[in-house]
Amino acid sequence: METNAAENVTASSARLSGSIGIVSENCEIPLGAQRGFVYATSSMPNIDDNLISVNAGDISASLNGLNPETTYYVRTFIANSIGKYYGNEINFTTTATGTN
1 METNAAENVT ASSARLSGSI GIVSENCEIP LGAQRGFVYA TSSMPNIDDN LISVNAGDIS
61 ASLNGLNPET TYYVRTFIAN SIGKYYGNEI NFTTTATGTN
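Residue numbers (our numbering): 1 to 100.
Set out below in structure tokens:
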């Protein structure tokens with residue numbers, strides 16, 4: 001799993017991207033697995049924090065309604081009946097209101 005750097009960061013939004021794959025021959029992401037991004041204003045966000053679910057291996061999503069001048073921490077995740085797994089953590093800081 002990989003969490004890419006956030007893009008198009010503004011005072012209230014950011015664009016996230018990453019990839020989720022299974023490193024095993026002839027093995028796919030299990031049906032019913034939840035996957036996407038988790039984010040929080042503290043390090044090591046997990047599924048109990050904020051999450052955005054997606055339905056693909058190469059994933060992207062927009063975060064909206066963020067607070068200005070705030071640092072957010074993000075990780076990709078996949079969760080199924082076996083457990084919860086997280087990718088690397090990235091962070092970004094939203095801009096001040098009225099700036100791009």
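Glycine included, every Cβ here is placed at the ideal spot set by N, Cα and C.
Contacting residues, own chain, Cβ-Cβ under 7 angstroms from Ser62 (five flanking each side not counted): Contacts found: Ser13 and Arg15.
Buried versus exposed, by CB contacts within 10 Å (16 or more), Ile20: buried
Proximity to Ala40 [Cα-Cα], best of Asn50, Gln34 and Leu66: Asn50
Close-in-space but distant-in-sequence residues of the same chain around Gly98 (CB under 8 angstroms, 5 per side omitted): Ala11
CA-to-CA distance, Ala6 to Lys84, given in whole angstroms: Our two residues, Lys84 and Ala6, have alpha carbons roughly 23 angstroms apart in a direct line.
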